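Residue numbers (this note's numbering): 324 to 439.
Note that beta-carbon positions come from the ideal geometry of N, C-alpha and C, so glycine has one too.
Please read all numbers here as calculations on a predicted model, not as lab measurements.
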């Protein structure tokens with residue numbers, strides 16, 4: 324992807340290359356959002372994004388997406404929005420997804436509930 328955006332093959336991505344490359348990939352970011360992305364990725368502040376900065380920004384984005392997915396999954400199981408998944412909530416979820424009979428589920432919960 325870096326090579327696709329770095330159209331002049333300079334080894335760095337300029338603001339214009341980033342804006343054009345993102346649009347070519349179907350991005351609907353505004354000028355302001357592209358500028359913010361550029362500023363966030365350009366760690367050394369030299370006005371361009373080198374390969375290391377690009378990889379770092381990409382990995383950070385993927386981590387944020389993964390964290391968001393985990394948070395959504397947690398919210399799904401935390402039925403009372405307490406910030407904790409109780410034994411009852413976990414048991415209900417495991418039953419909902421057919422993850423074993425009552426005895427198996429209780430045994431699994433006992434093994435993973437480290438603070439009882």
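Taken in chain order, the complete alpha helix (DSSP H) segments of 4 or more residues contained in the stretch 324–395 are 325–328, 338–347, 354–364.
The three-state reading of DSSP puts residue 427 in helix, counting H, G and I together. Distance check between residue 438 and each of 410, 379, 425 places 410 closest, using alpha-carbon atoms only. For residue 438, the secondary structure class from DSSP, reduced to helix, strand or coil, is coil. Taking C-alpha positions only, residue 340 is separated from residue 429 by approximately 56 Å. Here residue 376 is buried: its Cβ has 16 or more other Cβ atoms, across all protein chains shown, within 10 Å. The distance from the Cβ of residue 379 to that of residue 335 is about 14 Å, inconsistent with a contact at the 8 Å cut-off. Rounded to whole angstroms, residue 337 and residue 397 show a C-alpha spacing of 39 Å. Of 384, 408, 419, the smallest CA-CA separation from residue 435 is found for 408.
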